[in-house]
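In my numbering, the protein residues as written are 151 to 489. To keep things clear, I will list the structure first and then write my remarks on it.
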Ligand code: 6MZ
């Protein structure tokens with residue numbers, strides 16, 4: 151079988167996907183047409199604005215988030231966006247998706263409304279698209295600690311109502327803003343509530359903050375681009391998986407080119423568990439299949455390597471052992487029948 155088809159059809163596990171970054175240009179237009187009508191002035195304006203985001207760097211991608219946030223600031227926009235993002239991952243044969251998003255107070259919604267709307271979108275998206283989806287709730291480091299506290303405090307109510315959908319917390323946001331240390335008490339509270347934690351760590355060069363994050367502890371590490379060997383070794387000993395996002399890092403210029411991506415070293419040295427993720431597949435115009443194909447192209451990833459990566463992602467997913475067992479079966483069956 152042609153490798154592109156093999157990878158596309160492979161059941162995949164996505165552990166690092168930000169909702170508002172996961173909508174492709176086509177999907178944003180589809181969303182715009184549904185929200186405003188394809189003949190409206192708003193729709194024409196939206197389509198024009200989209201062309202401004204062809205090539206984003208780290209700063210540019212945070213501008214694009216502001217643009218996306220306007221589209222998803224209403225209940226209808228957010229609900230549709232959640233379903234469309236889930237549909238796009240399902241189309242790429244993602245069997246398990248861990249979506250993450252930052253609850254926001256908008257003109258129309260409180261953080262509670264935002265969270266409820268995303269959860270309802272997930273319930274509907276799962277029904278429509280035959281895919282397992284859970285949610286990580288993001289804490290944005292560029293916002294205040296009070297905002298983070300507000301977010302953490304609304305979670306318990308929704309956790310019991312939407313059984314098993316809320317899987318954990320993501321610490322993210324512009325890495326050039328805010329201080330990790332300020333958020334430690336809030337994250338500690340989430341940990342006491344038995345929420346798993348994925349931390350954007352070493353996305354930029356900031357060794358003292360990275361030490362502090364490792365000392366605090368995490369279940370998974372987002373990016374890990376600037377980890378020193380010693381820091382990587384510590385994470386490896388704690389069995390913390392590194393969520394590598396090849397295209398995102400190259401497009402944001404935190405990694406010069408694919409061939410120099412830290413994924414290669416971590417994967418070949420086995421210094422820590424490592425998984426492939428998209429980060430913001432809409433903004434960076436990629437898919438999880440494409441990330442596997444890039445890894446094949448630049449690091450000679452074999453089919454057994456692909457299976458290993460997928461099973462590692464299952465091992466480190468924030469789901470129960472029963473769900474993991476089912477996911478492993480789906481992946482193993484595919485590789486048994488196709489290899
Ligand atoms: C850090 C990122 C990110 O939450 O509105 N986000 N944080 N580094 C990145 N690397 C490129 N990509 C996305 O999705 C968008 C938000 O996710 C975080 C940022 O806080 C961004 O505003 P949601 O659904």
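Yeah, the Cβ is synthetic: ideal placement off N, Cα and C, and Gly gets one too.
Where residue 223 is concerned, there is no enclosing beta strand (DSSP E), because DSSP gives it neither an H nor an E. Going by beta carbons, residue 423 and residue 383 fall outside the 8 Å limit. Here DSSP, grouped into helix, strand and coil, assigns residue 433 to coil. Within a 10 Å sphere around the beta-carbon of residue 346 sit 16 or more other beta-carbons, which makes this residue buried. Residue 152 is classed as exposed because its beta carbon has fewer than 16 other beta carbons within 10 Å across all chains shown. Residues 271, 274 and 275 of the same chain have their beta carbon placed closer than 6 Å to that of residue 233, with the five preceding and five following residues left out of the count. Between residue 468 and residue 240, the C-beta spacing is not below 8 Å.
In this chain, the alpha helix (DSSP H) harbouring residue 331 covers 330-342. Taking the Cβ of residue 325 as the reference point, at least one heavy atom of the ligand 6MZ falls within a distance shorter than 7 Å. Relative to the ligand 6MZ, residue 449 has its C-beta separated by 7 Å or more from all heavy atoms.
Every beta strand (DSSP E) of 3 residues or more that sits fully in the segment 356-389 is shown, in chain order, as 370-373. Take the alpha-carbon of residue 367 and the one of residue 360: they are about 11 Å apart.
Residue 292 sits in coil when the DSSP states are folded into three classes, being neither helix nor strand. The beta carbon of residue 349 sits closer than 7 Å to those of 321, 363, 368, 371 and 372, all from its chain and outside the five residues before and after it, given in chain order. Of 329, 325, 336 and 332, the smallest CA-CA separation from residue 352 is found for 325.
In the DSSP assignment, the residues bridged to residue 347 are 319. A direct Cα-Cα distance of roughly 25 Å separates residue 226 from residue 437. Residue 246 is bridged by DSSP to 163 and 282. The closest CA to that of residue 155, considering only 449, 448 and 440, is found on 440.
Of the residues assessed, residue 248 falls on the buried side of the cut-off, its CB having 16 or more other CB atoms within 10 angstroms. Between residue 478 and residue 464 a beta carbon distance of about 5 Å is seen, short of the 8 Å cut, so the two are scored as contacting. Using a cutoff of 7 Å, the CB of residue 337 does not count as near the ligand 6MZ, since none of the ligand's heavy atoms is closer than that. In this model, residue 455 and residue 181 are separated by some 37 Å (Cα to Cα).
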